[in-house]
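full-length UniProt numbering puts the sequence shown at residues 1 to 369.
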Amino acid sequence: MVLPGAQPSEETLEGIMVLINDYKKKYEQLIQEQEDMVTSRVGQREMTEKFKQRTVKLTQSLKEDQRLHQEKIGIEKAKVKLMKDEECKLMKDILKVEEALKEEESENKHLTQQTEVFTAVPERKVVFKGSTGKGVDSQTFDMKPHIVYPMEDGTALITFADEVVATKILELEKHQVDLGAEFSITVEARPVRLMLPSLVEIDSEVSPLHILVSNLPKMDIEMLLSRLENHFSKTKHGGGEVDDCEWLPDSGTVVIAFVKNNFARGLTNTEYHDVKLQHNKQKMDRVRVTPFLNGKITNLKTKMLTCPRTVLLTGIPTIMERENLQDLLEIYFQKMSNGGGEIEAILYNPLGQHTSALFEGVSTDEEQE
C-alpha cells in the first residue's frame with residue numbers, strides 16, 4: 001500500500017518507473033538545452049561573421065576616408081605653398097615698385113630743384129649789339145683755364161706773340177745768352193705741357209642754407225653787405241641768424257649763408273623783397289632772392305696740352321740780380337737774329353726761390369702767362 005504524496009521505493013517497479021521518467025525528463029531537458037545552445041552558437045557565429053564583414057567594410061571605408069583626407073591635406077598644402085610663393089613674389093614686386101617709386105621721387109625732386117634753378121636765376125640786363133651767329137656754334141658754358149704752374153728754380157717762362165717764334169726757339173733747343181762783359185750762359189728751351197680738363201660734368205643741387213641776392217644797387221660793398229645781413233637776419237622778414245655774407249664781384253650778387261636750413265626755402269619762394277639799402281632814398285630797394293647752387297663734380301676727364309706760344313728755359317744760374325737777368329733774357333729772345341721775336345710775357349725764377357706762374361685761357365688756340 002502506497003500513501004498519497006509518498007515517493008515509491010526505488011526498489012519497486014513503480015519506483016523504478018518513476019525514476020526512469022524523471023531521468024527521461026531530465027534527458028529531454030538536457031537535449032533541449034543542447035539544441036538551444038547549438039542554435040545560439042550558430043546565431044552567434046552568424047553574428048560574428050556579420051560583425052567581421054562589417055568590420056572589414058568599416059576598415060576599408062576608414063582607410064579610404066584617410067586616403068581622401070591625406071589627398072585633401074596634400075592639395076591644401078600645395079595651395080598654401082602656391083599662395084606663399086605668390087605672396088613672396090608679390091612682396092618682391094612691391095619692394096621693386098617701392099624702390100622704383102623712391103627713384104622716381106628722387107628724380108622728381110632733382111628735376112624740381114633743376115626747374116627752380118633754371119626758372120629763378122639772377123636777372124642780368126643784356127643789350128643786343130647787332131651781331132648774330134649760328135646757333136650750332138654757340139656754347140652753353142664758357143669755361144676758361146685758370147692754372148697755377150709751380151716753377152722750378154733756375155727756370156724762366158717766355159710767352160711770344162707769334163707761335164712760329166716759339167716753335168723756332170724749341171727747335172734750336174740750346175741757346176747761348178750774351179750777358180755782356182764777355183759773360184754768357186747756356187740755357188735749354190723746353191715745351192710747356194699743362195693738364196687741362198677735356199670733360200667736366202657737374203651735378204648741382206639747391207643749397208638749403210644759402211640764398212643768392214641780385215638786383216642790387218651800386219653802393220659801398222661793406223655797407224651793402226651789412227644792411228643785407230641786418231635785413232635777412234630778422235624773423236619778421238622771413239630770415240634768421242646769418243652765418244656769412246659774401247659779395248660776388250663777377251656777377252654783382254651777394255650770397256647769404258644761414259646757420260639753420262629752414263630759412264632759405266621761404267625766402268626764395270617769396271623771390272622779391274623790399275630792403276632799405278640806401279638811407280638817402282625814400283623808397284625801398286627791391287632785390288631778388290633766388291636759390292643758390294652747390295656743385296659737385298661727377299665726371300672729370302683731363303688731357304695734356306702743349307702751350308703753343310710759351311717756352312720753358314732751364315739751367316739758368318744765379319749770377320746777378322733777378323730783374324737784371326730777366327731783362328737780359330728778354331732782350332736776347334726778342335732779337336730776330338737769335339731766332340726770337342716779340343715777347344708778351346716773361347717770368348724768371350732764380351735758384352732757391354719759389355714762384356708760380358698763372359696760365360689763363362684767351363681763346364681756343366692762345367693762352368697768356
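By construction, the Cβ of each residue, glycine as well, lies at the ideal position given by its N, Cα and C atoms.
On the three-state DSSP scale, how would you describe residue i?
i, result
"Val136", "Reliability of the predicted coordinates at Val136 is poor, the pLDDT of 48 falling under 50, and the value obtained from them is presented with this limitation in mind. Three-state result, Val136: helix."
"Met304", "strand"
"Asn299", "strand"
"Met47", "helix"
"Gly146", "Reading off the sequence shown, one finds His at residue 146, where the question assumed Gly. Strand at His146."
"Thr12", "coil"
"Ala189", "strand"
"Ser251", "coil"
"Ala345", "strand"
"Asn230", "helix"
"Gln282", "coil"
"Leu358", "strand"
"Thr318", "coil"
"Gln34", "helix"
"Gly180", "strand"
"Val165", "helix"
"Ile158", "strand"
"residue 371", "Outside the modelled stretch of the chain, which goes from 1 to 369, sits residue 371, for which no answer is possible."
When you compare each of the options to residue i by their alpha carbons, which one comes out closest?
i, options, result
"Lys301", "Thr39, Leu196, Ser214, Phe292", "Leu196"
"Thr186", "Leu179, His175, Leu194, Gly180", "His175"
"Glu344", "Thr167, Lys25, Gln334", "Gln334"
"Ser184", "Glu11, Gln34, Leu329", "Leu329"
"Leu172", "Val56, Leu351, Ser337, Asn280", "Ser337"
"Leu179", "Met320, Gly361, Leu13, Thr12", "Met320"
"Glu271", "Asn261, Asn280, Phe292, Ser106", "Phe292"
"Cys245", "Glu222, Lys260, Leu62, Gln34", "Glu222"
"Asp220", "Ala181, Leu68, His279", "His279"
If you count every other CB in all the chains shown that lies within 10 Å of the CB of residue i, and 16 or more means buried, which is it?
i, result
"Gly315", "exposed"
"Leu224", "buried"
"Cys307", "buried"
"Ile256", "buried"
"Thr318", "exposed"
"Pro249", "exposed"
"Cys88", "exposed"
"Phe51", "exposed"
"Arg54", "exposed"
"Arg227", "buried"
"Leu351", "exposed"
"His231", "buried"
"Ser138", "For Ser138, the pLDDT reaches just 45, beneath the cut-off of 50, and the residue's location in the model is therefore unreliable, leaving the point undetermined."
Report yes if the CB atom of residue i is closer than 7 Å to the CB atom of residue j, and no otherwise.
i, j, result
"Glu157", "Leu347", "At residue 157 the sequence reads Leu, which differs from the Glu that was named. Taking 7 Å as the Cβ cut-off, Leu157 and Leu347 qualify as a contacting pair."
"Leu305", "Leu194", "yes"
"Asp153", "Gln353", "yes"
"Val289", "Leu170", "no"
"Asn294", "Met151", "no"
"Glu201", "Asn299", "yes"
"Glu163", "Arg309", "yes"
"Asn215", "Val287", "yes"
"Pro217", "Asp285", "yes"
"Phe160", "Gly339", "no"
"Val254", "Val213", "yes"
"Pro208", "Ala264", "yes"
"Tyr332", "Val177", "yes"
"Val242", "Ser251", "no"
"Lys303", "Ser198", "yes"
"His146", "Glu360", "yes"
Could you round the C-beta distance between residue i and residue j to whole angstroms and report it? I think they count as a contact, below 8 Å.
i, j, result
"Ile211", "Leu277", "Contact flag wrong, Cβ pair sits at about 16 Å."
"Phe258", "Gly240", "6 Å"
"Thr155", "Leu313", "6 Å"
Return yes when at least one heavy atom of the ligand PLP lies under 6 Å from the C-beta of residue i, else no.
i, result
"Asp65", "In the structure on display, the ligand PLP does not appear, and there are no ligands present to speak of."
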